[in-house]
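Report on the following structure.
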Amino acid sequence: QIEKAVDYPKLNKVIFIGVFDFKEFNNEHYLSRHMVLNCETLEQELRDIEFNFIELPKFTKKASELKTILDKWIYFIKHAEDLEVIPEHADTQALQTAYDVASRFHWTKQELEVMEYWEMRERADQDKRQA
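Whatever position you read off the sequence shown (first residue = 1), add 1 for this note's numbering.
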């Protein structure tokens with residue numbers, strides 16, 4: 002804990018990300034960034050706090066239109082439960098893992114048990130090779 006009135010250069014910025022499945026703000030932007038202002042002076046004195054909101058209904062890009070990693074993650078959040086295969090635009094290990102994990106929510110208990118069995122076998126084989 003930092004002492005009172007001590008400068009805090011080592012603290013990280015706080016970034017809040019909220020995801021709405023409804024339209025909250027009266028504009029067409031699916032992503033909005035908000036800062037904290039002093040109501041009397043209108044100055045941004047709390048520079049290390051930021052609020053970001055994603056409004057999924059406003060995000061209308063198709064898979065072929067995704068360019069940035071942010072767009073790819075928002076697309077994942079909006080469409081992951083509807084997809085049957087990992088899309089081509091999931092071109093990072095993190096995105097591929099996210100789609101893989103999300104796909105398991107649609108599996109039957111038997112499918113999950115089979116997958117867990119094969120993953121366990123694969124880990125055992127890797128352990129044998131490393132020993």
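Ideal Cβ positions, reconstructed from N, Cα and C, are used throughout, including at glycine.
Of all the options F26, L47, R48, I75, which has the alpha carbon lying nearest to the alpha carbon of Y100? Closest option to Y100, Cα to Cα, is I75.
From L113 to L12, what distance separates their C-alpha atoms? Looking at the two C-alpha atoms, the distance is approximately 42 Å.
Alpha-carbon to alpha-carbon, L57 and H90: Just so you know, the alpha carbons of H90 and L57 end up roughly 19 Å apart.
Closest by CA to R105, which one among R122, P88, L38, L84? Selected option, being the one with the closest Cα: L84.
Measuring only the C-alpha atoms, how far is R34 from Q45? About 14 Å.
Cβ of Y31 less than 8 Å from any chain C Cβ? Judged by its chain identifiers, the structure shown contains no chain C, having just a single protein chain.
Residue interval of the beta strand (DSSP E) (run including S33): Segment 32 to 37, the beta strand (DSSP E) holding S33.
From F60, D128, I16, pick the residue whose C-alpha is nearest to that of E29; which is it? In terms of Cα proximity to E29, the closest of F60, D128, I16 is F60.
Under 8 Å by Cβ, that's how I've got F17 and N53 pegged, so tell me the actual separation to the nearest angstrom. Contact between F17 and N53 holds, since their C-beta atoms are separated by about 7 Å, short of 8 Å.
According to DSSP, simplified to helix, strand and coil, what is E120? Residue state, collapsed to three classes: helix.
What residues match up with E46 in a beta bridge as DSSP calls it? Bridge partners of E46: none, in fact.
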